[in-house]
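One structure is given here, and the rest of the page talks about it.
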Amino acid sequence: MSTTANLWIVKYKPRRFSEIIGNRTAILEFRTWLEKRLKGADVEKAAFLWGPPGVGKTLTVEVAAIEYNLELIQMNASDARSRERIRRVLGMASQYLSLVGGRRKIILVDEVDGMSGTEDRGGLAAVIELIQQSRFPVVLTANDPWDPRFRPLRELCKMIRYDRIRVPTLVSYLRRICIAEGIVADDAALRIIAQRSDGDVRSAVNDLQAIAQGKKRLMLSDVEWLAYRDRQYGAFDVLKNIFAARTCRAAKAALASSLLDYNMIFQWIHENLPLQYPSPEDLAEAYDALSRADVFLGRTKRTQAWALLSYALDLMTAGVSMVKKGKYKFTKYQFPQRIKILSQTKDIRTTMNSICSAIAEKCHISTKGAVSEYLPYLRFIFRVNPEMAAGIAKWLKLDENMITFLAGSFDRANEIISLMRKRRKST
């Protein structure tokens with residue numbers, strides 16, 4: 006049974022360029038650009054990696070950060086990416102070396118084609134501004150960069166195409182994982198998984214783990230139920246297919262057709278159950294199934310017993326769908342409020358947790374104690390006493406985002422950072 010740190014997609018995640026499968030030409034092109042950019046050569050200030058999902062675009066940047074000893078600053082599709090957010094999160098980071106070790110940085114804006122016109126208002130203009138002003142390499146990724154609104158970005162970037170991973174390459178990779186896990190796998194079974202992943206490594210590895218985990222042998226009969234994934238299915242389509250399903254198999258297949266995380270789908274189902282099931286009886290039974298799914302999700306996360314995950318997925322799809330008495334009726338679904346709120350506060354929560362972890366380690370207390378007993382006083386100090394704040398920031402090894410959070414303004418944060426740099430030069 007796999008542990009949390011060793012979900013197979015994480016356990017076998019490459020940490021060197023030599024370990025990445027496929028797209029050798031694209032990776033070489035990226036490395037050539039990056040090395041020239043780091044040396045200050047006259048090349049594009051940003052690279053735009055584009056191609057289908059699961060082929061190594063983001064992974065290339067993550068591995069580059071390791072191999073070239075760069076600090077990776079990342080903003081992905083789950084973040085709200087408005088002009089103000091991009092300036093706040095990436096703007097300062099693009100100008101200064103890392104406070105810890107003085108490392109250079111590489112800035113990744115993932116899935117720019119997922120930027121919306123409402124939540125991410127002004128985001129593309131801010132990305133253009135970031136590319137023009139950044140001291141460090143900027144990398145963008147997208148599935149389809151040819152939308153007319155991306156033309157200004159394309160003109161500033163080195164365009165690098167990534168292709169789907171070939172089936173033989175993917176089969177070989179899956180076979181290596183099976184050998185490492187002590188699983189004897191039929192080539193025909195691995196070929197079906199590879200073919201039906203549509204060249205998506207992430208999808209193939211997740212499917213392999215879902216099917217083969219806990220087994221000593223993987224046979225063709227174990228994978229014959231797999232259906233081709235429709236990569237275009239979004240939350241609205243998945244939700245409709247779950248609620249409209251007439252069989253348990255169809256309801257479960259609806260979840261498998263999406264790239265969305267199952268926790269995300271859970272929140273969509275939770276938000277829209279009252280809209281889909283006006284009958285109190287149907288609604289009560291659906292929430293009963295969903296609550297049981299929530300219990301299994303919690304136990305899976307708490308105990309790392311990943312075999313329990315299949316029960317949760319069955320309950321939140323087939324369990325919810327099969328309770329309806331009548332026919333499916335069209336419903337206008339709503340975006341989950343919980344996700345929206347968490348997205349809006351994600352950066353703040355992440356930064357605060359990082360600060361409290363640093364305090365807890367230095368002061369030998371719990372992170373909970375750091376929040377209640379130390380954080381309020383640190384905020385006050387950083388707002389009124391830059392000299393003392395600079396010393397504390399150095400002692401706690403705080404980065405720019407943490408300092409800005411505590412200081413409450415960019416001006417005060419810049420003042421503290423300048424003091425830290427002066428002290429470093431004088432020592």
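Residues 6 to 432 (the numbering used here) are what the sequence shown spells out, left to right. Glycine included, each C-beta is placed from N, C-alpha and C at the ideal position.
Reference residue i, options the options, closest by Cα
i, options, result
"L54", "T146, R20, F415", "T146"
"A209", "L195, D404, R222, L314", "L195"
"G187", "K163, A215, K221", "K221"
"L278", "S326, A70, Y267", "S326"
"K41", "K163, E420, I386, R343", "K163"
"Q138", "I32, R154, S23, A51", "A51"
"G318", "W151, S296, I133, Y338", "Residue identity differs from the one stated: residue 318 is Leu in this sequence, not Gly. That would be S296, whose Cα lies nearest to the Cα of L318."
"L33", "F335, L380, R154, R166", "R166"
"M80", "T63, Y73, E72, N74", "T63"
"Y224", "D242, D205, I197", "First, the residue type needs correcting, since residue 224 is Met and not Tyr in the sequence shown. For the residues D242, D205, I197, the minimum Cα distance to M224 belongs to I197."
"G56", "A46, N74, N28, L260", "N28"
"I364", "K330, K257, K332, L403", "L403"
"P142", "R109, L129, A291", "R109"
"D212", "A255, L260, N268", "L260"
"A256", "T322, R304, Q218", "T322"
6 angstroms CB neighbourhood of residue i in its chain, flanking five on each side removed
i, result
"R236", "Annotation note: pLDDT 42 at R236 (below 50); position unreliable, coordinate value reported separately. Around R236: no qualifying Cβ."
"R388", "G413"
"F340", "none"
"V117", "L145, A147"
"G324", "A294"
"Y178", "I26"
"L113", "V66, Q79, V144"
"F301", "L313, Y316, A317"
Backbone secondary structure at residue i - three-state DSSP
i, result
"Q140", "The sequence given here has Arg at residue 140, not Gln. Residue state, collapsed to three classes: coil."
"Q214", "helix"
"Q339", "coil"
"S83", "For S83, the predicted model reports a pLDDT of 47, less than 50, meaning its position is unreliable; a value from the coordinates is still stated below. It is coil, neither helix nor strand."
"R109", "coil"
"L75", "coil"
"N310", "Note that residue 310 corresponds to Ala in the displayed sequence, not to Asn. A310 falls in the coil class under three-state DSSP."
"R21", "coil"
"W434", "This structure cannot settle anything about residue 434, because the visible part of the chain is limited to 6 through 432."
"A250", "coil"
"R171", "coil"
"V389", "helix"
Residues near residue i in its chain [Cβ-Cβ closer than 7 angstroms; skip 5 each side]
i, result
"E67", "L77"
"M357", "F410"
Residues of its chain near residue i, where Cβ-Cβ distance is below 8 angstroms and the 5 sequence neighbours each way are ignored
i, result
"K367", "W400, L401"
"V48", "W38, K41, R42, K163"
"Y233", "Residue confidence is low: Y233 scores 44 on pLDDT, short of 50, so the model does not pin down where it sits. No coordinate-derived value is stated."
"I421", "F387, P391, A394, A395, A398, I408, A412"
Range of the contiguous beta strand (DSSP E) that encloses residue i
i, result
"Q200", "Per DSSP, Q200 belongs to no beta strand (DSSP E); it is in the alpha helix (DSSP H), 192 to 201."
"I165", "162 to 166"
"A51", "51 to 55"
Unbroken alpha helix (DSSP H) run spanning residue i, endpoints
i, result
"K257", "253 to 261"
"A323", "Segment: none, A323 is in no alpha helix (DSSP H) and carries neither H nor E."
"E405", "405 to 412"
"P283", "P283 -> no alpha helix (DSSP H), and no H or E assigned at all."
"R419", "Contrary to the premise, residue 419 reads as Asn rather than Arg in this sequence. Element bounds for N419: 415 to 431."
Give a yes or no on contact between the stretch 267 to 277 and the stretch 238 to 247, applying the rule of three or more CB pairs nearer than 8 angstroms. yes
Across the stretch 16 to 35 and the stretch 60 to 74, are there enough close Cβ pairs to call them in contact, namely three or more that are closer than 8 angstroms? yes
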